[in-house]
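**Student:** I'd like to ask you about the structure that follows.
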Amino acid sequence: MIQVTRLNNKKMTINADLIEMVEETPDTVISLTNGKKFIVKESETQVRELVIAHKKEVFADLCQIIAKSVQI
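Using our numbering, the letters of the sequence shown correspond one by one to residues 209 to 280.
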């Protein structure tokens, strides 16, 4: 999940796995796989960085779980 800011300054959390596309038009529009769209204050680059950071965290946790399960 990533946290972004709507144009009314309210924070919202989006499931990063549901993001289909992010575009600047010039506002940043996040399109989800279910057809919903959200306009946010963060730039396309910032949203991409948030998603990458989230994925790194998820995969780091997964690697730790796998490493613990194979320890003898």
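Each residue gets a CB set at the ideal place from its N, CA and C atoms; glycine is no exception.
Please go through the same chain and pick out, in chain order, the residues whose beta-carbon is closer than 6 Å to the beta-carbon of residue 272, but skip the five residues on each side of it.
**Tutor:** Mapped onto the sequence shown, residue 272 falls at position 64. Contacts found: none.
**Student:** For residue 248 versus residue 213, is the C-beta distance shorter than 9 Å?
**Tutor:** The residue labelled residue 248 in the question sits at position 40 within the sequence shown. The residue labelled residue 213 in the question sits at position 5 within the sequence shown. Going by C-beta atoms, residue 248 is nearer than 9 Å to residue 213.
**Student:** Ignoring anything shorter than 3 residues or poking outside the segment 244-278, list the beta strand (DSSP E) runs there in chain order.
**Tutor:** Within the segment 244-278, the complete beta strand (DSSP E) runs of at least 3 residues are 245-248.
**Student:** Is there contact here, the segment 258-277 with the segment 236-244, by at least three beta-carbon pairs under 8 Å?
**Tutor:** No: fewer than three Cβ pairs fall under 8 Å.
**Student:** Determine the extent of the beta strand (DSSP E) in which residue 221 is found, giving its start and end residues.
**Tutor:** Position 13 of the sequence shown, counting from 1, holds the residue named residue 221. 219-222 is the span of the beta strand (DSSP E), which, as asked, contains residue 221.
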